[in-house]
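A.B. asks:
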Amino acid sequence: MLHFPALLLRHFPLRNPVSFFSSPANSFKPVFLPNVRNSPTRNPNGLMLLRPPANFPGISLGNSSVYQYLSDEDFDVELGRLLALLPEEMRRKISDHPELHYLIEVVMDLGRKPLARFPSGDFVLWDRPITMEDLDHAISQVGDFAIDNRAGISRTLHRISAIRNRKGAIIGLTCRVGRALSGSANLLRDLVKDGASLLLIGPPGVGKTTIIRDIARMLADDYEKRVMIVDTSNEIGGDGDIPHAGIGNARRMQVPHADMQHKVLIEAVENHMPQVIVIDEIGTKLEALAASTIAQRGIQLVATAHGVTIDNLVMNPALDMLVGGVQSVTLGDEEASRRGVQKTVQERKGPSTFSSAVEIISKTELRVHRSLEATVDAILAGRYPSYQVRKIRGVEDEAENSSSHHDMLDVNNNNLPENSLLVEDDEFLDEDETSGGLDLIDDERVSKDETALCVFLYGVSEASVIQGMKQLKVDEAINFTDNISEADVLLALQSKLKKNSRIQAAARSRGIPIYITKANFHRQVQWLS
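Numbering (the UniProt record's numbering), first residue to last: 1 to 529.
1) Exposed or buried, which one is Ser120 when buried takes at least 16 other CB atoms within 10 Å?
2) CA-CA distance, Gly183 and Asp194?
3) Express the C-alpha separation of Val455 and Pro513 in angstroms, rounding to a whole number.
4) Among the candidates Arg166, Ser464, Pro274, Tyr223, whose CA atom is the shortest distance from the CA of Asp311?
5) Please classify Leu457: does DSSP put it in a helix, a strand, or coil?
6) Once the 5 residues before and after Ala268 are set aside, which same chain residues still bring their CB inside 7 Å of it?
7) Glu224: which of Ser362, Pro243, Asn249, Arg213 sits nearest, CA to CA?
8) Specify the secondary structure class of His244 as computed by DSSP and reduced to three states.
9) Roughly how many whole angstroms lie between the Cα atoms of Arg390 and Ile170?
10) On the DSSP bridge list, what partners appear for Val124?
11) Roughly how many angstroms lie between the CA atoms of Ser404 and Arg510, to the nearest whole one?
12) Looking at Ile160: is its Cβ nearer than 9 Å to the Cβ of Gly172?
13) How far does the beta strand (DSSP E) with Ile171 in it extend, from its first residue to its last?
14) Under 6 Å Cβ to Cβ from Gly307, same chain only, skipping five residues before and after it: list those, please.
15) Residue 559 and Leu319 look like a contact to me (Cβ under 8 Å); what is the Cβ gap, rounded to whole Å?
16) Express the C-alpha separation of Ser233 and Val358 in angstroms, rounding to a whole number.
17) Using 10 angstroms around the beta-carbon of Thr353, count the other beta-carbons present and answer buried if the total reaches 16, otherwise exposed.
18) With a cut-off of 8 Å on the beta carbons, I'd call Gly324 and Gly350 a contact; round off their distance for me.
19) Whole angstroms are fine: how far does the CA of Val341 sit from the CA of Leu115?
20) Checking 9 Å against the spacing of the C-beta atoms, do Val106 and Thr174 come in under that value?
21) Alpha carbon to alpha carbon, how far is Tyr384 from Val18? Give it in angstroms, no decimals.
22) In whole angstroms, what separates the C-alpha of Leu85 from that of Ile392?
23) How many whole angstroms separate the CB atoms of Glu99 and Phe118, which I take to be in contact at a CB cut-off of 8 Å?
24) Kindly identify the DSSP beta-bridge partner or partners of Val308.
25) Can you list the beta strand (DSSP E) stretches of 3 or more residues lying completely in the region 209 to 295, in chain order?
26) Could you tell me if Lys518 is buried or exposed, where buried requires 16 or more neighbouring beta carbons within 10 angstroms of its beta carbon?
27) At what residues does the beta strand (DSSP E) containing Val107 begin and finish?
28) Given that a residue counts as buried once 16 or more other Cβ atoms are within 10 Å of its Cβ, and exposed if not, what is Asn316?
29) In the DSSP assignment, what residue or residues form a beta bridge with Gly324?
30) Could you check whether Thr156 and Asp214 sit closer than 9 Å to each other, using their CB atoms as the reference points?
31) Residues in the same chain with beta-carbon distance under 7 Å from Lys208, minus the five sequence neighbours each way, listed in chain order, please.
32) With distance defined between alpha-carbon atoms, name the residue in Gly459, Asn479, Lys167, Thr344 nearest to Glu334.
33) Roughly how many angstroms lie between the CA atoms of Gln346 and Asn500, to the nearest whole one?
34) Return yes when the Cβ of Leu301 is within less than 9 Å of the Cβ of Ser197, no when it is not.
35) Would you mind working out which of Arg92, Glu486, Ala138, Asp190 sits nearest Asp109, comparing C-alpha positions?
36) Using 10 angstroms around the beta-carbon of Ile242, count the other beta-carbons present and answer buried if the total reaches 16, otherwise exposed.
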């Protein structure tokens, strides 16, 4: 019995042997840079756009800060209002912390020591456990807690969340710092400017609300559109009747109850004639239906949804309407034979509510799907979807050198901006530009890429394969192909492969090794004899 990692080891020796699926996703150190000239198939990390046109929106190669607060003084005042919730000794201790401006949240639980959370880790604010008097002091300075146990501080973006006991008494508080970062949506400026509806996907804590707030400001101020924000939890526009300055000239409608969000969406369209509707989170079928209705009226939609990838939305029965819906279709014998698939397949039911989608991988990396419908069609067909990776460098070093660089990677050259330059040799860059923080494709890397493993995926998530490659720390990339005749290896999901004898026959007739996995993200990959 062979394992897929063993196949990789034959092609790519390890520098540091590690488990194929063991490391956390945020420990990866990309990037694989493929051979631009000699790679006819698709590559998971794609072509690296090293020198985009100077006027291309969303790309900045200058020495400037990535993000800027709307006003440093205003932010200091807002942060001071949050710290005022704390007892004096805690407030003094946290004010002396060197990472004060990077504070994420303060946690106060009854009977436990209070914690301040920073990107570098947790910091104990007080050796004495929190008492009810400490909690009452904080509660008295915030607004009323809604049914979702959230409250805020008027005209700030801070969020205060409560933990209650069985009797309804508050026994814990999470005081989360809210920031309005001007420029956080610059990587998406080209999509925003085009007027296309945009869906942002990502797990909690990666900055979806921060980006969508800046998009609302950008549309209202920079492009002078009539923008209406439906702010269910007051996270975009802040607490209070007067919205925060971070949304610019955009207007804001508050939602009395979370279950009424879909009604407020329709009300916003019927009563206020917006050109753009911004929604912080779509989470129910009724909200997805309301968003679809709004999109059909020709209004630009910008919204967020919880999930790691678009695959999660496709498999979510409550939200699959956002991507067009999914239905089972029975094909005729001739069509099934032409496609090389089983007779019953899954296809997209109708048009997608959103034109484009963005998967937020981290606060410095985005994955852009310019055509959401094409991505969904590829996922349902078991193919590798085409997307574009956009990165921001220098955020970690911003406090030291205030320099940043934006990178773009594209898995396919179909979506590259016009007049862009794909660098194939160092001669295209000046000496000064080669030291500007962007990686170059050297001759050694190009020669190695010619021997890269070409894989045909059937029903397997490409993310798990890319993840494994990054954990193996190999220099060469795996190439993915839609043409099985060009493949060196077939990697398939066991449940799907059993139902499709044509794929097995096609691989065996060409002498292509077949490897199977019992499930996506599964550790064990077995040899199929």
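Even glycine gets a Cβ: it sits at the ideal position worked out from N, Cα and C.
C.D. replies: According to the structure shown:
1) The residue labelled residue 120 in the question sits at position 120 within the sequence shown. That one is exposed.
2) Your numbering for residue 183 matches position 183 in the sequence shown. Your numbering for residue 194 matches position 194 in the sequence shown. Computed Cα separation, rounded: 18 Å.
3) Within the sequence shown, numbered from 1, the residue matching residue 513 stands at position 513. Within the sequence shown, numbered from 1, the residue matching residue 455 stands at position 455. Between Pro513 and Val455, the C-alpha separation is close to 10 Å.
4) Translated into the one-based positions of the sequence shown, residue 311 becomes position 311. Asp311 has its Cα closest to that of Ser464, out of Arg166, Ser464, Pro274, Tyr223.
5) Residue 457 sits at position 457 when you count from the first residue of the sequence shown. Three-state result, Leu457: strand.
6) The residue you call residue 268 lines up with position 268 of the sequence shown. Cβ within range, chain order: Met228, Val230, Met253, Pro274, Ile277.
7) The count along the sequence shown starts at 1 and reaches residue 224 at position 224. Taking only the C-alpha atoms, the option nearest Glu224 is Asn249.
8) Counting from 1 along the sequence shown, the entry for residue 244 is found at position 244. Looking at His244 - three-state DSSP - the assignment turns out to be coil, as it is neither helix nor strand.
9) Against the sequence shown, residue 390 aligns to sequence position 390. Against the sequence shown, residue 170 aligns to sequence position 170. Distance between the alpha carbons of Arg390 and Ile170: 42 Å.
10) As a first step, residue 124 must be located in the sequence shown, where it is residue number 124. Val124 is bridged to Leu115.
11) As a first step, residue 404 must be located in the sequence shown, where it is residue number 404. As a first step, residue 510 must be located in the sequence shown, where it is residue number 510. Residue placement at Ser404 is poorly supported in this model, since its pLDDT is 38, which falls under 50; the coordinates are not used for a value here.
12) For the purposes of this step, residue 160 is taken as residue 160 along the sequence shown, with counting starting at 1. For the purposes of this step, residue 172 is taken as residue 172 along the sequence shown, with counting starting at 1. Result no, Cβ atoms of Ile160 and Gly172 do not sit closer than 9 Å.
13) Looking up residue 171 in the sequence shown gives position 171. Taken as a continuous stretch (DSSP letters only), the beta strand (DSSP E) holding Ile171 covers 170 to 176.
14) Here residue 307 refers to the residue found at position 307 when the sequence shown is read from its first residue. Closer than 6 Å at Cβ, skipping near neighbours: Ile201, Leu313.
15) Limits of the chain in this structure are 1 at one end and 529 at the other, which puts residue 559 out of reach.
16) To locate residue 358, count along the sequence shown from 1; it is residue 358. To locate residue 233, count along the sequence shown from 1; it is residue 233. So the alpha carbons of these two residues sit roughly 22 Å apart.
17) In the sequence shown, counting from the first residue as 1, residue 353 sits at position 353. Per the 10 Å Cβ criterion, buried.
18) Stepping through the sequence shown from its first residue, residue 324 is reached at position 324. Stepping through the sequence shown from its first residue, residue 350 is reached at position 350. Right, their Cβ atoms sit about 5 Å apart.
19) For the purposes of this step, residue 115 is taken as residue 115 along the sequence shown, with counting starting at 1. For the purposes of this step, residue 341 is taken as residue 341 along the sequence shown, with counting starting at 1. The alpha-carbon atoms of Leu115 and Val341 are separated by roughly 55 Å.
20) Here the question's residue 106 lines up with position 106 in the sequence shown. Here the question's residue 174 lines up with position 174 in the sequence shown. Judged by their CB atoms, Val106 and Thr174 are nearer to each other than the 9 Å cut-off.
21) Sequence index remark: in the sequence shown, residue 18 carries index 18 (1-based). Sequence index remark: in the sequence shown, residue 384 carries index 384 (1-based). Annotation note: pLDDT 34 at Val18 (below 50); position unreliable, coordinate value reported separately. So the alpha carbons of these two residues sit roughly 26 Å apart.
22) Numbered from 1 along the sequence shown, position 85 holds the residue referred to as residue 85. Numbered from 1 along the sequence shown, position 392 holds the residue referred to as residue 392. Answer to the nearest angstrom: the Cα atoms are 34 Å apart.
23) Within the sequence shown, the letter at position 99 stands for residue 99. Within the sequence shown, the letter at position 118 stands for residue 118. That pair is a contact at about 5 Å.
24) Taking the first residue of the sequence shown as position 1, residue 308 is located at position 308. Partner(s): none; Val308 has no beta bridge.
25) 227 to 231, 251 to 254, 276 to 279
26) Looking up residue 518 in the sequence shown gives position 518. Burial check for Lys518: the Cβ neighbour count within 10 Å stays below 16, so the residue is exposed.
27) Taking the first residue of the sequence shown as 1, we reach residue 107 at position 107. Its beta strand (DSSP E) spans residues 105 to 109.
28) As a first step, residue 316 is located in the sequence shown; it is residue number 316 there, counting from the start. Asn316 is buried by the Cβ-count criterion.
29) Counting from 1 along the sequence shown, the entry for residue 324 is found at position 324. The partner list for Gly324 (beta bridge, DSSP) is empty, contrary to what the question assumes.
30) The residue you call residue 214 lines up with position 214 of the sequence shown. The residue you call residue 156 lines up with position 156 of the sequence shown. Taking 9 Å as the cut-off, the Cβ atoms of Asp214 and Thr156 do not count as close.
31) The sequence position of residue 208 within the sequence shown is 208, counting from 1. Hits under 7 Å: Leu200, Gly202, Thr304, Ile360.
32) Taking the first residue of the sequence shown as position 1, residue 334 is located at position 334. The shortest Cα separation from Glu334 among Gly459, Asn479, Lys167, Thr344 belongs to Thr344.
33) Sequence index remark: in the sequence shown, residue 346 carries index 346 (1-based). Sequence index remark: in the sequence shown, residue 500 carries index 500 (1-based). Taking the straight line from one Cα to the other gives about 14 Å.
34) The residue you call residue 197 lines up with position 197 of the sequence shown. The residue you call residue 301 lines up with position 301 of the sequence shown. Going by C-beta atoms, Ser197 is nearer than 9 Å to Leu301.
35) As a first step, residue 109 is located in the sequence shown; it is residue number 109 there, counting from the start. Taking only the C-alpha atoms, the option nearest Asp109 is Ala138.
36) Taking the sequence shown and counting its residues from 1, the one referred to as residue 242 is at position 242. Exposed.
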